[in-house]
Each structure stands twice: as structure tokens, then as C-alpha cells.
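Read the sequence shown against full-length UniProt numbering and you will find it ends at 106, with the numbers running on by one and no gaps. Cβ coordinates follow ideal geometry from the N, Cα and C atoms, glycine included. Notes for the one structure printed next.
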Amino acid sequence: MIITTTNAVEGRSIREYKGIVFGEVITGINMFKDIGAGLRNIFGGRSQGYEEELQNARQEALAEMGQRAAALGADAVVGVDVDYEVLGADNGMLMVSVSGTAVALD
């Protein structure tokens, strides 16, 4: 499955538009990562725990979207958009949602 933020796949023609597909992941940050991030916030530096959690959530959302596109008979997803949201001020829930257009290629 080709997944791209561009509106076309270089060297290939879009034969058919299958529809808009989505992938969503909502994940919680565990207490230990939250403590580590709090210390980083005080002393400075990057939060490796949060960064890893964000990368994993993004990959899961993209994979889910790709599976939904494949179920429609698509070869690719074009025009992909990735959005991030923190749910609730104090609960540490992170939402990653991705969307794009599933297409069949020549």
C-alpha cells in the first residue's frame, strides 16, 4: 500500500477513487512516562517516552488507514493528513488521526 501526502503517485495514474479512509488511535501515557516528561518540563530536554508513544500511535493510525483502503480494493492512499490532539487537560490521552483518499492505480 502506497501512502503519501501528495495528491498523486509519481509515474502512476489514478484509475478510480475509492473514497475517504481514516485511521484513529487514542493512547494513554503511563505514569512513569508522565513523571519523566514532567521532569523534562522542569529541567529541559526532550521527552523520549512521549516521543516514542507519539511515533507508535502515528504508525498504528497509518497502518489502520492502509488496511481500510485495502478493504476497498485500493492500491494507494493519497492526500494524507495527520492530526494530533490531547484529550482532556489532565488525563494524558493522545489522539492521532489520519485521513486520505483511497485510490486504485493503473
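- Counting other Cβ atoms within 10 Å of its Cβ, aspartate 106 stays below 16 and is therefore classed as exposed.
- Distance from the Cα of methionine 95 is smallest, within the candidate group Gln48, Lys18 and Leu54, for Leu54.
- Residue environment analysis places glycine 100 among the buried positions, since at least 16 neighbouring C-beta atoms fall within 10 angstroms of its C-beta.
- Apart from sequence neighbours up to five positions away, the residues of its chain that approach glutamate 60 with a beta-carbon distance below 7 Å are Val25, ordered along the chain.
- Going by DSSP, alanine 61 is part of no beta strand (DSSP E) but of the alpha helix (DSSP H) stretching over 48-71.
- Secondary structure of methionine 95 (DSSP, three-state): strand.
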